[in-house]
Amino acid sequence: MNFINVKNITIIGAGASGLAAACAAAGAGERVTLVEKNQAPGRKILSTGAGKCNLSNAKINAGHYHGGAPGFAARTLKALPPAHVLDFFGELGLLLSAEADGRIFPRSRKAADVVNVLGNRLKEKGAELLLLTCAQSVKKNLSGFEITVRRVPPKWDKKAAPGPLRTITADAVILAAGGPAHPQIGGSALGLDLARSLGHTVKNPKPVITPLKIKEKTVRELDGIRLEAGLSVYSGGRLIGSKRGELLFTDYGVSGPPVLSLSRAALTGVETSAVTCHIDLFPDYSREAIFSLLAKRRDAGPERPWKDFLCGLAEERTINLLSSSLKIEPAAPAGSVKDPLLAEFGGLLKDWSLEVSGSLGFEDAMAAAGGIDTAEIRPETFESRIVKKLFITGELLDINGDCGGYNLHFAWTSGLLAGAAAAKTMSFPSSFSPQP
Numbered sequence: 049m050n051f052i053n054v055k056n057i058t059i060i061g062a063g064a065s066g067l068a069a070a071c072a073a074a075g076a077g078e079r080v081t082l083v084e085k086n087q088a089p090g091r092k093i094l095s096t097g098a099g100k101c102n103l104s105n106a107k108i109n110a111g112h113y114h115g116g117a118p119g120f121a122a123r124t125l126k127a128l129p130p131a132h133v134l135d136f137f138g139e140l141g142l143l144l145s146a147e148a149d150g151r152i153f154p155r156s157r158k159a160a161d162v163v164n165v166l167g168n169r170l171k172e173k174g175a176e177l178l179l180l181t182c183a184q185s186v187k188k189n190l191s192g193f194e195i196t197v198r199r200v201p202p203k204w205d206k207k208a209a210p211g212p213l214r215t216i217t218a219d220a221v222i223l224a225a226g227g228p229a230h231p232q233i234g235g236s237a238l239g240l241d242l243a244r245s246l247g248h249t250v251k252n253p254k255p256v257i258t259p260l261k262i263k264e265k266t267v268r269e270l271d272g273i274r275l276e277a278g279l280s281v282y283s284g285g286r287l288i289g290s291k292r293g294e295l296l297f298t299d300y301g302v303s304g305p306p307v308l309s310l311s312r313a314a315l316t317g318v319e320t321s322a323v324t325c326h327i328d329l330f331p332d333y334s335r336e337a338i339f340s341l342l343a344k345r346r347d348a349g350p351e352r353p354w355k356d357f358l359c360g361l362a363e364e365r366t367i368n369l370l371s372s373s374l375k376i377e378p379a380a381p382a383g384s385v386k387d388p389l390l391a392e393f394g395g396l397l398k399d400w401s402l403e404v405s406g407s408l409g410f411e412d413a414m415a416a417a418g419g420i421d422t423a424e425i426r427p428e429t430f431e432s433r434i435v436k437k438l439f440i441t442g443e444l445l446d447i448n449g450d451c452g453g454y455n456l457h458f459a460w461t462s463g464l465l466a467g468a469a470a471a472k473t474m475s476f477p478s479s480f481s482p483q484p
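Going by the working numbering, the sequence shown runs without a break in its numbering and finishes at 484.
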């Protein structure tokens, strides 16, 4: 086994929190080594916001974060206020732009620019980046840490064999390996396993910010349809959340920003009770107003076929599906649909109920709930309370944010705090004993 005997800060994972941590530590003058199993840094960053990178939000506050020890997010945001994170990107030369809903993007709308400005800073500061290198183990000893790594072939090369094991020595380690979401671009449980091996408690991760599977097979007929609507989610008959925006129907269920935002609550509820999505196709109309509109439309042309009556009312495939569920024949004269049935149809337009059966797993999830117990982490520095000079950041922790840039903001924040704190510890001796 080969050894790299360099006393430095080693960061496992070159995603959002790892790159931010490296910038902070290298910016403080410390020698930094980044270990990344992918063939390029920032793979998940490049996929966020449909390639535009929704990197933060103008409405960042602790109320947008879930899980974790009480007050954890609030203490973190106090230690590094959101404006300071945006200033960090400004210092890197990245121009930002905020949407009306608060989402913040690079002005170029290119996620690659976010990765590039971070990479440029690391080059300037002389940080070492070991790509296609996977951490196999992390061990604590009296002098620091030993990280066993192995070079791995790129995913497209099915014939190449992994390289030999070698060991990196480090005075401080930052675990920033990300969570299990999006395994197709590098998500895995590697970081959780490493943290567990060092004595940390790991709460079982579950997919969040994810499309929902729907029990009713009829939604398959709407695959690919996008429409603006209101969405309310009920668990055991109790309202657990409402959003409005663009819904996307798929061959398995529903997606779109409102669904992603409410998926955490929906999937938590489905473990113990029936969870239903209630879609309002006319959120600006009351039930009474919808019935009045339909009645006037019918009475103005009672001889028109029902299919012509529907034309222009709403998205064609969707409204035909709802009509068919009430067994209204497309060729039936509109006037034959009497008030009780018309009211029932109007009720469907306002409250179309679909039962949630689960999710597609981590493959389509943007984040994971669960992870390392934050009671074992210091929220102002992200240093472990169990192992000195071990820092754990980002998706590895049992804390997750709402859809809209909140998770990436937490990744930047945790990385910057951990990198700065790790740099400050470099002049102090290492110890395996628990911290008070």
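We put the beta carbon where it would ideally sit given N, CA and C, even for glycine.
In whole angstroms, what separates the C-alpha of residue i from that of residue j?
{"i": "S340", "j": "L464", "result": "57 Å"}
{"i": "V468", "j": "A69", "result": "Going by the sequence as given, residue 468 is Ala instead of Val. Taking the straight line joining both Cα atoms gives about 7 Å."}
{"i": "Q483", "j": "A73", "result": "Because the pLDDT at Q483 is just 39, under 50, the model does not fix this residue reliably, and the value given afterwards should be weighed accordingly. Q483 and A73: Cα-Cα distance of roughly 22 Å."}
{"i": "N168", "j": "S371", "result": "57 Å"}
{"i": "D271", "j": "V318", "result": "23 Å"}
{"i": "G226", "j": "N368", "result": "44 Å"}
{"i": "Y454", "j": "W400", "result": "30 Å"}
{"i": "N53", "j": "S311", "result": "Unreliable placement is indicated for N53, whose pLDDT of 48 sits below 50; no coordinate value is reported for it."}
{"i": "L94", "j": "P331", "result": "34 Å"}
{"i": "L329", "j": "E377", "result": "21 Å"}
{"i": "L140", "j": "E172", "result": "11 Å"}
{"i": "T96", "j": "D387", "result": "48 Å"}
{"i": "T181", "j": "A64", "result": "17 Å"}
{"i": "L67", "j": "V165", "result": "10 Å"}
{"i": "A98", "j": "L389", "result": "42 Å"}
{"i": "S334", "j": "T124", "result": "43 Å"}
{"i": "A62", "j": "G234", "result": "11 Å"}
{"i": "R91", "j": "V162", "result": "11 Å"}
{"i": "R286", "j": "L361", "result": "31 Å"}
{"i": "K344", "j": "N105", "result": "44 Å"}
{"i": "R155", "j": "L170", "result": "22 Å"}
{"i": "G293", "j": "F136", "result": "32 Å"}
{"i": "A208", "j": "A148", "result": "49 Å"}
{"i": "K375", "j": "D347", "result": "20 Å"}
{"i": "I57", "j": "R365", "result": "57 Å"}
{"i": "A313", "j": "K265", "result": "23 Å"}
{"i": "L179", "j": "A224", "result": "15 Å"}
Go through its chain and collect everything with a Cβ distance to residue i's Cβ below 6 Å, but skip five positions before and after it.
{"i": "R157", "result": "K100"}
{"i": "I108", "result": "P130 and H457"}
{"i": "A466", "result": "A69, I222, F430, F439 and T441"}
{"i": "E405", "result": "Residue identity check: residue 405 is Ser in the sequence provided, not Glu. K261 and K263."}
{"i": "T258", "result": "S311, S407, D412 and A413"}
{"i": "A459", "result": "A64, S65 and G442"}
Measure the Cβ-Cβ separation of residue i and residue j and say whether it is below 9 Å.
{"i": "A183", "j": "I60", "result": "yes"}
{"i": "G394", "j": "L342", "result": "yes"}
{"i": "L296", "j": "V281", "result": "no"}
{"i": "A218", "j": "G239", "result": "no"}
{"i": "E428", "j": "T324", "result": "no"}
{"i": "S407", "j": "K261", "result": "yes"}
{"i": "V250", "j": "I447", "result": "no"}
{"i": "L82", "j": "L177", "result": "yes"}
{"i": "A146", "j": "F153", "result": "yes"}
{"i": "G301", "j": "V267", "result": "yes"}
{"i": "D356", "j": "H114", "result": "no"}
{"i": "L279", "j": "I327", "result": "yes"}
{"i": "H248", "j": "I434", "result": "yes"}
{"i": "G452", "j": "S245", "result": "no"}
{"i": "A110", "j": "A127", "result": "no"}
{"i": "T144", "j": "L103", "result": "Checking the sequence, you will find Leu at residue 144 rather than Thr. Yes. Within cutoff."}
{"i": "R79", "j": "G150", "result": "no"}
Near residue i, which residues of its chain fall below 8 Å by C-beta distance, leaving aside the five closest residues on each side in sequence?
{"i": "K254", "result": "L315, A416, A417 and G418"}
{"i": "K472", "result": "A76"}
{"i": "P231", "result": "F410 and E411"}
{"i": "P381", "result": "P350, E351, R352, P353 and W354"}
Tell me the residue span of the alpha helix (DSSP H) that contains residue i.
{"i": "E336", "result": "R335 to A348"}
{"i": "V165", "result": "A159 to K173"}
{"i": "R312", "result": "P305 to G317"}
Please report the residue range of the beta strand (DSSP E) in which residue i lies.
{"i": "S283", "result": "R274 to S283"}
{"i": "V256", "result": "V250 to V256"}
{"i": "N455", "result": "Looking at the DSSP string, N455 is not in any beta strand (DSSP E); the run it does join, the alpha helix (DSSP H), is Y454 to T473."}
{"i": "N182", "result": "A quick correction: the sequence has Cys, not Asn, at residue 182. Residues T181 to N189."}
{"i": "D387", "result": "D387 -> not in any beta strand (DSSP E); alpha helix (DSSP H) instead, spanning D387 to K398."}
The ligand COA and residue i: does any heavy atom of the ligand fall closer than 8 Å to the residue's C-beta?
{"i": "A382", "result": "Among the components modelled here there is no ligand, and therefore nothing to report on the ligand COA."}
With 9 Å as the threshold, decide whether the Cβ of residue i is near any Cβ in chain C.
{"i": "G75", "result": "Absent from the structure: chain C. Only one protein chain is present."}
Under 7 Å Cβ to Cβ from residue i, same chain only, skipping five residues before and after it: list those, please.
{"i": "A117", "result": "T422 and A423"}
{"i": "A322", "result": "G284 and E403"}
{"i": "E363", "result": "I273 and L275"}
{"i": "I338", "result": "F330, G394, L397 and K398"}
{"i": "S479", "result": "Here the model assigns S479 a pLDDT of 36, short of 50, so the residue's position is not dependable, and the following value carries that caveat. Within the same chain, S479 has close Cβ partners K436."}
{"i": "P228", "result": "G235, S236, A237, P253, F410 and A416"}
Assess, as a yes-or-no matter, whether the stretch 192-209 is touched by the stretch 76-89 under the definition of 3 or more beta carbon pairs within less than 8 Å.
yes
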